[in-house]
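In the working numbering, the protein residues as written are 5 to 346. Okay, so here's the structure we're looking at.
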């Protein structure tokens with residue numbers, strides 16, 4: 005690399021640092037991935053913004069992981085024990101949370117299923133002084149004892165990837181120190197928005213199906229994603245799993261993601277019905293007959309149930325807050341705390 009290239013690289017790293025507060029190790033690792041797999045060499049941030057969509061969004065999302073990690077730490081800090089020092093992030097992705105907690109003096113560990121995210125989050129944590137902190141996600145099942153005990157465990161948007169969810173929740177509850185906290189977050193299978201188009205595969209109705217039917221759906225329409233079927237449950241079932249894991253834990257409901265206003269229900273239901281019609285015209289015929297019928301029945305029942313519950317809200321028979329949390333929250337978040345004297 006000649007002097008001009010070195011200077012240009014240093015200028016780019018400085019520009020990224022000033023905008024995103026990203027450290028040099030993560031920046032260099034992500035830029036190397038970007039240049040090899042996405043859009044070639046980056047000269048400056050203005051050049052990235054000139055690329056075709058959605059490439060600028062991908063770039064922004066990766067580097068804004070540091071900001072999101074800080075925001076998550078600040079939102080959780082008041083809920084953690086004053087002496088909390090060990091943090092486990094399940095699904096560490098780009099490592100923003102590892103970076104944020106490590107900066108605050110936590111001993112951090114991150115798990116992910118994707119080798120790319122393991123490598124990137126390792127560099128993000130290293131920028132905050134934490135090294136050799138990431139592991140493959142399967143460690144949670146194969147050798148959880150090697151990870152140790154924690155004061156805070158977060159599993160956000162990865163719970164449905166963990167195979168036997170109930171067993172995983174028991175494992176996580178057993179990994180908490182006295183006074184430790186467990187945060188679980190899962191896509192809301194009742195969300196009107198996600199029924200029209202799920203958050204992972206952008207497919208109509210996928211979240212209305214159980215794991216086996218979802219796998220068949222994906223095997224037919226998105227074969228490459230067949231192993232990524234959801235294992236989602238009702239909110240009450242997640243509560244039951246937590247209670248069964250440790251009856252002494254106190255469980256709270258959090259709304260870390262914005263909940264849409266109740267006035268949005270009509271528009272979301274209308275969009276879901278439009279998505280159903282488009283799906284029926286273009287893709288439904290590709291599915292096995294039993295699955296096509298099951299999906300159609302489940303969708304109609306869900307929309308009818310939402311409209312009936314909305315009428316109950318108008319009559320005063322159903323809490324508007326409960327309605328919003330069921331149909332208009334895109335994610336369910338549960339926060340459980342182990343007693344300090346456990």
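Built from N, CA and C at the ideal position, the CB exists for glycine as well.
Quick check on DSSP: helix, strand or coil for residue i?
i           : result
residue 192 : coil
residue 84  : coil
residue 334 : coil
residue 326 : helix
residue 143 : helix
residue 260 : coil
residue 158 : strand
residue 178 : helix
residue 236 : coil
residue 280 : helix
residue 249 : helix
residue 184 : strand
residue 340 : strand
residue 314 : helix
residue 204 : coil
residue 110 : coil
residue 213 : coil
residue 14  : helix
residue 35  : helix
residue 115 : strand
residue 124 : helix
residue 138 : strand
residue 93  : strand
Measure the beta-carbon distance from residue i to residue j and round it to whole angstroms, keeping in mind my assumption that it falls under 8 Å.
i           : j           : result
residue 258 : residue 156 : With a Cβ gap of about 14 Å, residue 258 and residue 156 do not count as contacting.
residue 29  : residue 111 : Residue 29 to residue 111, Cβ: 19 Å. No contact.
residue 104 : residue 76  : 7 Å
residue 332 : residue 269 : 7 Å
residue 317 : residue 235 : Rounded, the Cβ-Cβ distance is 30 Å, inconsistent with contact.
residue 266 : residue 339 : Not really, about 24 Å apart at Cβ, beyond 8 Å.
residue 260 : residue 325 : Not really, about 16 Å apart at Cβ, beyond 8 Å.
Which same chain residues, not among the five before or five after residue i, have their C-beta less than 7 Å away from its C-beta?
i           : result
residue 43  : 55, 59
residue 249 : 173, 174, 177
residue 9   : Note that residue 9 scores a pLDDT of 45, beneath 50, so its modelled location is shaky; the value from the coordinates is reported in the next line. Taken in chain order, the list of residues that qualify is empty.
residue 52  : 46, 60, 63
residue 148 : 175, 179
residue 72  : 100
residue 11  : Caution applies to residue 11, whose pLDDT of 47 falls short of 50 and renders its modelled position unreliable; the model cannot decide the point.
What's the call for residue i, buried or exposed, on a 16-neighbour Cβ count within 10 Å?
i           : result
residue 290 : exposed
residue 221 : buried
residue 286 : exposed
residue 20  : buried
residue 70  : buried
residue 101 : buried
residue 129 : buried
residue 22  : exposed
residue 46  : buried
residue 6   : A caution first: residue 6 carries a pLDDT of 47, below 50, which makes its placement in the model unreliable, though a value can still be read off. Burial call: exposed.
residue 164 : buried
residue 323 : exposed
residue 297 : exposed
residue 31  : buried
Quick check on this structure: which residue in the options has the alpha carbon closest to the alpha carbon of residue i?
i           : options            : result
residue 140 : 21, 165, 114, 163  : 114
residue 301 : 280, 179, 319, 313 : 280
residue 150 : 160, 137, 333      : 137
residue 50  : 81, 40, 64         : 64
residue 86  : 224, 185, 166      : 185
residue 143 : 94, 70, 47         : 94
residue 158 : 145, 187, 135, 171 : 187
residue 123 : 108, 107, 96       : 96
residue 231 : 34, 23, 117, 194   : 117
residue 203 : 329, 162, 15       : 162
residue 262 : 321, 245, 294, 337 : 337
residue 278 : 167, 201, 79       : 201
residue 314 : 304, 330, 303, 299 : 330
residue 133 : 153, 17, 107       : 107
residue 223 : 240, 241, 292      : 292
residue 191 : 78, 41, 242        : 242
residue 240 : 31, 194, 228, 229  : 194
residue 199 : 304, 295, 160      : 304
residue 356 : 39, 34, 41, 48     : The displayed coordinates of the chain run from 5 to 346. Any statement about residue 356 would go beyond what the structure contains.
For residue i, I'd like the list of residues in its chain whose CB is within less than 8 Å of its CB, leaving aside the five on either flank, ordered along the chain.
i           : result
residue 273 : 196, 307, 310, 311
residue 120 : 37
residue 89  : 109, 110, 111, 155
residue 247 : 253, 255
residue 167 : 145, 235
residue 226 : 205, 207
residue 182 : 342, 343, 344, 345, 346
Tell me whether residue i, by its Cβ, gets closer than 7 Å to a heavy atom of the ligand SAM.
i          : result
residue 49 : Judged by which ligands are present, the structure shown has none, so any question about the ligand SAM falls away.
In its own chain, which residues sit with a C-beta less than 6 Å from the C-beta of residue i, not counting the 5 before and 5 after it?
i           : result
residue 283 : 208
residue 91  : 105, 110, 112, 156
residue 25  : 70
residue 126 : 138
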